[in-house]
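Down below is the structure, laid out as structure tokens.
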Amino acid sequence: MAIINVKKIQLAAVSSHKDKILEILQDFGSMHIENIETENTKAGANLNKESKKDLLDIQKIELDYANIEYAIKMLAPYGEKRGLLAGPISLSDEEIAKKATSFDFNHIVKQCVEIEDEMAKAKNELNFLKNEKIQYTPWKNLKVELQNLKGSRRAEIITGCFKTVTYPQAKEELAGLNNLISLEKVHADEKLTYVTIVFSREIEKELKQFLVEHKFLETEMPAGDGLIQDYLKTVDGKISNNEKILHEKENELKKLAKNLDDLKITYDYLNWQKDKAETKRKVGNTEYSFIVNAWVPGNKMGKLEGAIREHTGEFNITELPLAEGENPPVIIENKGVVWPFETLTRMYGLPRHDEMDPTPFLSVFFIIYFALCLTDAAYGLIMFIVMALALKYMKFGEGIKRLVKLLMYCGLATFVIGALFGGWFGLEADKMPEFLTYTNAAGEKMFLFQLVNSVTNPLTVLILALALGFAQILFGTYIKLYHSFMHGNKKDALMDTGSWAFMLTGIGFFVLAAAKVLPSPADTIGQWWVIMGAVILILTQGRDKKNPILKLLAGILSLYGLVNYMSDVLSYSRLLALGLATAIIALAVNVIVNLAMGIPYIGWLFAIVIFVGGHVFNLVLNALGSFIHAGRLQFVEFFSKFLEGGGKEFQAFSKKNKYVYVKQPATNQNIN
Amino acid sequence: MPEFFTQVGGLALAIAGAGIAVIFGGIGSSVGVGLAGQAGAGVVTEQPEKFGKVLVLEALPGTQGIYGFLVGFIILLVTGILTGEPKDLTLAQGWQLFFACIPCGIACLFSGIHQGKVVAGGMNMVAKDDSQMGKAMVLAAMVETYAVLGFLVSALLVFFIKL
Numbered sequence: 001m002a003i004i005n006v007k008k009i010q011l012a013a014v015s016s017h018k019d020k021i022l023e024i025l026q027d028f029g030s031m032h033i034e035n036i037e038t039e040n041t042k043a044g045a046n047l048n049k050e051s052k053k054d055l056l057d058i059q060k061i062e063l064d065y066a067n068i069e070y071a072i073k074m075l076a077p078y079g080e081k082r083g084l085l086a087g088p089i090s091l092s093d094e095e096i097a098k099k100a101t102s103f104d105f106n107h108i109v110k111q112c113v114e115i116e117d118e119m120a121k122a123k124n125e126l127n128f129l130k131n132e133k134i135q136y137t138p139w140k141n142l143k144v145e146l147q148n149l150k151g152s153r154r155a156e157i158i159t160g161c162f163k164t165v166t167y168p169q170a171k172e173e174l175a176g177l178n179n180l181i182s183l184e185k186v187h188a189d190e191k192l193t194y195v196t197i198v199f200s201r202e203i204e205k206e207l208k209q210f211l212v213e214h215k216f217l218e219t220e221m222p223a224g225d226g227l228i229q230d231y232l233k234t235v236d237g238k239i240s241n242n243e244k245i246l247h248e249k250e251n252e253l254k255k256l257a258k259n260l261d262d263l264k265i266t267y268d269y270l271n272w273q274k275d276k277a278e279t280k281r282k283v284g285n286t287e288y289s290f291i292v293n294a295w296v297p298g299n300k301m302g303k304l305e306g307a308i309r310e311h312t313g314e315f316n317i318t319e320l321p322l323a324e325g326e327n328p329p330v331i332i333e334n335k336g337v338v339w340p341f342e343t344l345t346r347m348y349g350l351p352r353h354d355e356m357d358p359t360p361f362l363s364v365f366f367i368i369y370f371a372l373c374l375t376d377a378a379y380g381l382i383m384f385i386v387m388a389l390a391l392k393y394m395k396f397g398e399g400i401k402r403l404v405k406l407l408m409y410c411g412l413a414t415f416v417i418g419a420l421f422g423g424w425f426g427l428e429a430d431k432m433p434e435f436l437t438y439t440n441a442a443g444e445k446m447f448l449f450q451l452v453n454s455v456t457n458p459l460t461v462l463i464l465a466l467a468l469g470f471a472q473i474l475f476g477t478y479i480k481l482y483h484s485f486m487h488g489n490k491k492d493a494l495m496d497t498g499s500w501a502f503m504l505t506g507i508g509f510f511v512l513a514a515a516k517v518l519p520s521p522a523d524t525i526g527q528w529w530v531i532m533g534a535v536i537l538i539l540t541q542g543r544d545k546k547n548p549i550l551k552l553l554a555g556i557l558s559l560y561g562l563v564n565y566m567s568d569v570l571s572y573s574r575l576l577a578l579g580l581a582t583a584i585i586a587l588a589v590n591v592i593v594n595l596a597m598g599i600p601y602i603g604w605l606f607a608i609v610i611f612v613g614g615h616v617f618n619l620v621l622n623a624l625g626s627f628i629h630a631g632r633l634q635f636v637e638f639f640s641k642f643l644e645g646g647g648k649e650f651q652a653f654s655k656k657n658k659y660v661y662v663k664q665p666a667t668n669q670n671i672n
Numbered sequence: 001m002p003e004f005f006t007q008v009g010g011l012a013l014a015i016a017g018a019g020i021a022v023i024f025g026g027i028g029s030s031v032g033v034g035l036a037g038q039a040g041a042g043v044v045t046e047q048p049e050k051f052g053k054v055l056v057l058e059a060l061p062g063t064q065g066i067y068g069f070l071v072g073f074i075i076l077l078v079t080g081i082l083t084g085e086p087k088d089l090t091l092a093q094g095w096q097l098f099f100a101c102i103p104c105g106i107a108c109l110f111s112g113i114h115q116g117k118v119v120a121g122g123m124n125m126v127a128k129d130d131s132q133m134g135k136a137m138v139l140a141a142m143v144e145t146y147a148v149l150g151f152l153v154s155a156l157l158v159f160f161i162k163l
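Taken in sequence, the protein lines are chains E and P. Here the first sequence is numbered in our numbering, starting from 1 and rising by one per residue. Here the second sequence is numbered in our numbering, starting from 1 and rising by one per residue.
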């Protein structure tokens, strides 16, 4: 339930065991290995980095890795989709290694490259041919053979088109221009009229001028012999030929894609190798031995030694002291019900190693806030059931599993709180059958179990939201007080955090007394408490100033901090707003459903579709909103009271998989 | 001019208020979702597998339009237009409902647009590293706060104005 204590260690062993020991460490999977700097550091001065051979190894693995990544990307669109229920490929570590080492992926990569080349070529040609076809189809009635279009010694031929609109005029003018011109129309459509013009070379200049003026578009005919009709036929032939090639190649890819699972397994395996090779580069070498600087969870030290000793005794592990200002990597561990809430902590970023893990603290608040934002028992129940089924029948990686489980809890909480607020698909209690409802003291009709109607009585909810917010902020202040008192300067803890905790508790007490929740003398006590709190703040907050006047001023100025606390508490009013939003959208859906019911005969059909679609939409939209806003209240309002964050995540050197789901994870760290 | 309002009547002013909430909220969200969508399309072009995450992010600036719609809807509800028996509102009541809609309308207009910009930036985060998605969402949620507050005030006003 907390941040795990990690130890800084140095492992030294004989070089000949390097590969094997790294493999053991990777299987061990709970070691955060630091890079040893050999340049510019005293400690690294006598150490060498990787040998040439290591470097070559890495290059080879990286090449393989890139190749297989390419092949997977290429084949993925052609592979069969795995069913949602089938989940990811699941194998044990040994099975993965066995598959990957016996599988000739290079052969497949090579085929992929070849097919891609051929497909690219065919596609290029196809583009070219299709353009040709578009360009020359209007000319298919041209009776002149292509070789004759070159003209003769005296005469020349131009092919091209006029705009259809201007063609009649152009034709007339052309006839009047010179009688050594013959114009023949080949084809006309709405836009263009295609013509051939035969003319004597003597008047070439004159004619060209004329054509430019009339925006004549010259078309160059394809080189070759025979009629253009025949040329188009060969183009058609080539097109279908290329299309056939593309089709064949796609089939080949489909066939290759049958290997996709094996490729993915190999990809994961190579990923391990790559990780191992990269880790090798972080290690320092002397002539006969190598050194690993790393962090290990304190409780796993014994296991680590045992694991290496199984292989060899020629090693030594030394625990190193923390350097000044050094930040160890952070692991948080939460068990059981609290575990899913790590989703939120990780979303924000891990706490620093000397702070507290906020996960257990935020869990209760988060789930209540989520439920208050959604406030619909029926939605909660649906969410709970869907997530529970998903957990039971589908396989997830660790991160997703955490989220799904969290949403399942959220669903359950929403069900309970939704029932208290009487949210059932936004239905109204006074339109419901008798046995589902009761009439409360104020004469208002309520659902069974309902205590408050948030639509007619939003003020109650607002007060509840603000009270919850105040409680959480007060709680955060006390956490800070406790933690800094236990781990830091006790005097500073009491004066800085303690005085605020005193003040805030006093304000809470005062408000409760003023609202007549507490019996009579409490309000006077509350008043004096708050005044005393203010005095303490004024006296303590300026204590690092030397000048007594500045001391006093800094103290008075610190009271301004109250505004921050107030704005934090007011921020919790969003709980009411989001709860109302869910209720009113649900109401809107129901109103439209009622309208649809009015359509004769098939009204019920529309009504069902709108009811289901509308409520699913509302559920998804507001669940998303609830999650974000309930989370934000933790991150911004709550965490800021006791947490700085920015811890570096403990990145275990382990076997990380992207595609394969490992049947028995060696540790709980290795699936991201 | 005064005769104009007397002729129009309170109900019409209430409807105009509903219009303001829906229209401004809608504009805010349209612009916001539009900005987010453009950025998102860029991400999906390169990395189609991130479509789900991009879609979720793109939906965030959509809430402002919904808040506006809700205020509009509550107006339809409290004025009895939905039930087919519209109340006869006085001019003063009409104006009250009209002004009650303004906080939500204006807050949603600006909040939606700016949330869209933040989300568009968040798309870059997701493009680089999709494990940063949560942070992108929280950054966007900061902008939404003010739309939520605007909606809250408008909704409470409309509910509690005596008709």
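Ideal Cβ positions, reconstructed from N, Cα and C, are used throughout, including at glycine.
*asked:* My output table needs one value for E:Y675: the three-state DSSP class, helix, strand or coil.
replied: Limits of chain E in this structure are 1 at one end and 672 at the other, which puts residue 675 of chain E out of reach.
*asked:* Counting C-beta neighbours from all protein chains within 10 Å, is the total for P:F160 16 or more, i.e. buried, or is it exposed?
replied: exposed
*Check whether the Cβ atoms of P:G28 and P:G112 lie closer than 8 Å to each other.*
yes
_If contact is defined by three or more beta carbon pairs under 8 Å, each pair taking one atom from either stretch, is the region 269-282 of chain E in contact with the region 96-108 of chain E?_
yes
*Using the C-alpha atoms, what's the distance from E:L304 back to E:M31?*
9 Å
*Round the Cβ separation of P:L60 and P:V119 to the nearest angstrom and send it over; I've been treating them as touching at under 8 Å.*
5 Å
*asked:* My parser needs the alpha helix (DSSP H) runs of 4 or more residues fully inside the region 91-159 of chain P; what are they?
replied: 91-128
*When we look at the beta-carbon of E:I191 and count the other beta-carbons within 10 Å, is it buried (16 or more) or exposed?*
It should be noted that the sequence gives Lys, not Ile, for residue 191 of chain E. Under this definition E:K191 is an exposed residue.
*Compute the Euclidean distance between the alpha carbons of E:A165 and E:G237, then round it to the nearest angstrom.*
Residue identity check: residue 165 of chain E is Val in the sequence provided, not Ala. Taking the straight line from one Cα to the other gives about 35 Å.
_So, under 8 Å CB-CB, E:H187 and E:P138 are touching, yes? Tell me the CB distance rounded to an integer number of Å._
5 Å
*asked:* Quick check: is the beta carbon of E:H483 nearer than 8 Å to any beta carbon in chain P?
replied: no
*Apart from the five residues just before and just after E:K445, which ones in its own chain have a Cβ nearer than 6 Å to its Cβ?*
A429, D430, T437 and T439
*Secondary structure at P:I81, three-state DSSP: helix, strand or coil?*
coil
*Give the residues of chain E in contact with P:L70, contact being defined as C-beta atoms less than 9 Å apart.*
L580, A581, I584, I585 and A588
*What is the residue span of the beta strand (DSSP E) that E:G160 lies within?*
A155 to K163
*Is DSSP giving E:F510 helix, strand or coil here?*
helix
*Nonlocal neighbours in the same chain, by C-beta distance under 6 Å from E:A12, ignoring five residues either side*: S289, I291 and N316
*Partners in chain P for E:M347, counting only beta-carbon separations shorter than 8 Å*: G134, K135 and V138
*Hey, out of E:E184, E:L180 and E:T159, whose CA is closest to E:K171's CA?*
E:E184
*Along the alpha helix (DSSP H) that carries E:T343, what are the first and last residues, could you check?*
E342 to Y348
_Helix, strand or coil at E:M74 [DSSP, three-state]_ = helix
*asked:* Less than 7 Å between C-beta atoms, sequence neighbours within five positions excluded: which residues of the same chain meet that for P:V33?
replied: E58, P61, G62 and G116
*Kindly give me the distance between the Cβ atoms of E:T456 and E:T582, rounded to whole angstroms, as I take these residues to be in contact under 8 Å.*
Between E:T582 and E:T456 the Cβ distance is about 16 Å, and since that is not below 8 Å, they are no contact.
*Own chain residues within Cβ distance below 6 Å of E:P665, not counting five before or after*: Residue placement at E:P665 is flagged as unreliable, the pLDDT there being 47, under the threshold of 50; the coordinate-derived value follows with that caveat. Closer than 6 Å at the Cβ level, and outside the excluded window around E:P665, lies no residue.
*Put E:M432 into one of helix, strand or coil per three-state DSSP.*
coil
_For chain E, check one thing: does any of its Cβ atoms lie closer than 8 Å to the Cβ of P:I23?_
no
*Is it buried or exposed for E:N285, if we count other Cβ within 10 angstroms and need 16 for buried?*
buried
*Step through the CB atoms of chain P and report whether any lies within less than 8 Å of the CB of E:N668.*
Here E:N668 scores only 44 on pLDDT, less than 50, and its place in the model should not be relied on; the value that follows carries that caveat. By this cut-off, E:N668 is not an interface position.
_Residue range of the alpha helix (DSSP H) that includes E:L587_ = R574 to M597
*asked:* Within 10 Å of its beta-carbon, does E:L322 have 16 or more other beta-carbons around it, so buried, or fewer, so exposed?
replied: exposed
_Suppose the cutoff is 7 Å on Cβ atoms and the five residues either side in sequence are ignored; what does the same chain contact list for P:L157 look like?_
A100
*Can you check DSSP and say which residues form a bridge with E:V296?*
E:K7
*asked:* Less than 8 Å between the C-beta atoms of E:H353 and E:V330, yes or no?
replied: yes
*Is the CB of P:I74 under 8 Å away from at least one CB in chain E?*
yes
_Cutoff 6 Å; reference E:A388; Cβ partners in own chain excluding five residues on either side_ = M408
*Buried/exposed call for E:S520, threshold 16 Cβ in 10 Å*: exposed
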